[in-house]
Amino acid sequence: MARVGLILTPGFADWEYAFIAGTASPFYGIDTRFFTSATGQFRSQGGLAVTVDSSLQQCLGWKPDVVVVIGGMIWERAEAPDIRDFLHASRSNGATIAGICGGTLALARAGLLDTVAHTSNSAEFLQQNAVGYAGQALYRSSPVAVVADRIITAPGPAPVSFTCAVFESAGLSAEVISQFRSMLAAEHG
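According to the UniProt record's numbering, the sequence shown is numbered sequentially starting from 1.
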């Protein structure tokens, strides 16, 4: 069974993880778990109270196939957790690393976006909020997720393409992913 570790922070963006968490396990047999750098209770951006009792160290021991950094306003502030070592260790363990919206800042700070094509909310968003970011030449202005060398990035308004990229990295077939995407797109057709 594939494993996906979702990394949450105080004020995490409710819509960015919902399709992954809500469908991966019950519909696709993907083991999905939540982790955080500081365990305990906190609230989402929308006010949902959650308790996450699994640490980043526990995530490393679990060895997920995909590590997903969920966005939130905290990534733009000084109190953002420093998860560079965790991200590098996860990648060394073979995990695909994914970040959406503010979560891309954690990847940029870790240097993971310096050598691969990537996207985010905007190029300026990365430059202004990620000290040390050196991947400007590889930035792609894209409304959908960008995948390159086991790195997945997406802007905040792209949770569907982001989820599809995460599911592909977790081993779901192209046919299943196409059905998932079509189901979510049906209301827009």
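Think of the CB as a built atom: it goes at the ideal place given N, C-alpha and C, for glycine as much as any other residue.
Note that the coordinates shown come from a computational prediction; the quantities given were computed from them, not determined experimentally.
Our contact map puts residue i next to residue j with C-beta atoms below 8 angstroms; I'd like the distance itself, whole angstroms only.
{"i": "residue 100", "j": "residue 135", "result": "Not really, about 17 angstroms apart at Cβ, beyond 8 angstroms."}
{"i": "residue 110", "j": "residue 66", "result": "With a Cβ gap of about 16 angstroms, residue 110 and residue 66 do not count as contacting."}
{"i": "residue 166", "j": "residue 28", "result": "Between residue 28 and residue 166 the Cβ distance is about 11 angstroms, and since that is not below 8 angstroms, they are no contact."}
{"i": "residue 83", "j": "residue 151", "result": "About 15 angstroms separates the two Cβ atoms, so there is no contact after all."}
{"i": "residue 11", "j": "residue 45", "result": "5 angstroms"}
{"i": "residue 76", "j": "residue 102", "result": "6 angstroms"}
Output needed for residue i: all residues of its chain with C-beta closer than 7 angstroms, excluding positions within five of it in sequence on either side, in chain order.
{"i": "residue 120", "result": "104, 126, 153 and 155"}
{"i": "residue 32", "result": "4, 6, 20, 21, 24 and 25"}
{"i": "residue 49", "result": "41 and 43"}
{"i": "residue 181", "result": "160 and 164"}
{"i": "residue 64", "result": "3, 4, 5 and 95"}
{"i": "residue 172", "result": "28"}
{"i": "residue 142", "result": "119"}
Taking DSSP as the reference, what is the three-state secondary structure of residue i?
{"i": "residue 131", "result": "coil"}
{"i": "residue 31", "result": "strand"}
{"i": "residue 144", "result": "coil"}
{"i": "residue 45", "result": "coil"}
{"i": "residue 23", "result": "helix"}
{"i": "residue 8", "result": "coil"}
{"i": "residue 82", "result": "coil"}
{"i": "residue 13", "result": "coil"}
Leaving out the 5 sequence neighbours to the left and right, which residues in its chain are closer than 6 angstroms to residue i when beta-carbon positions are compared?
{"i": "residue 148", "result": "116 and 117"}
{"i": "residue 184", "result": "160"}
{"i": "residue 9", "result": "72 and 74"}
{"i": "residue 17", "result": "6 and 70"}
{"i": "residue 59", "result": "5 and 35"}
Taking 8 angstroms as the limit between beta carbons, can you name the residues of its chain near residue i, skipping five residues before and five after?
{"i": "residue 107", "result": "69, 87, 97, 99, 113, 118, 151 and 153"}
{"i": "residue 131", "result": "109"}
{"i": "residue 140", "result": "117, 118, 119 and 146"}
{"i": "residue 174", "result": "168"}
{"i": "residue 93", "result": "60 and 63"}
{"i": "residue 1", "result": "29, 30 and 31"}
Quick one: what's residue i bridged to in DSSP?
{"i": "residue 3", "result": "31"}
{"i": "residue 36", "result": "55"}
Please indicate yes or no: does the CB of residue i lie closer than 8 angstroms to some heavy atom of the ligand MN?
{"i": "residue 85", "result": "No copy of the ligand MN appears in this structure; indeed no ligand is present at all."}
Which runs of the beta strand (DSSP E) fall wholly inside the segment 89-124 and span at least 3 residues, in chain order?
-> 96-100
Can you check the segment 140-186 for any alpha helix (DSSP H) of at least 4 residues that lies completely inside it and give the ranges in chain order?
-> 159-169 and 174-185
Which runs of the alpha helix (DSSP H) fall wholly inside the segment 47-76 and span at least 4 residues, in chain order?
-> 56-62
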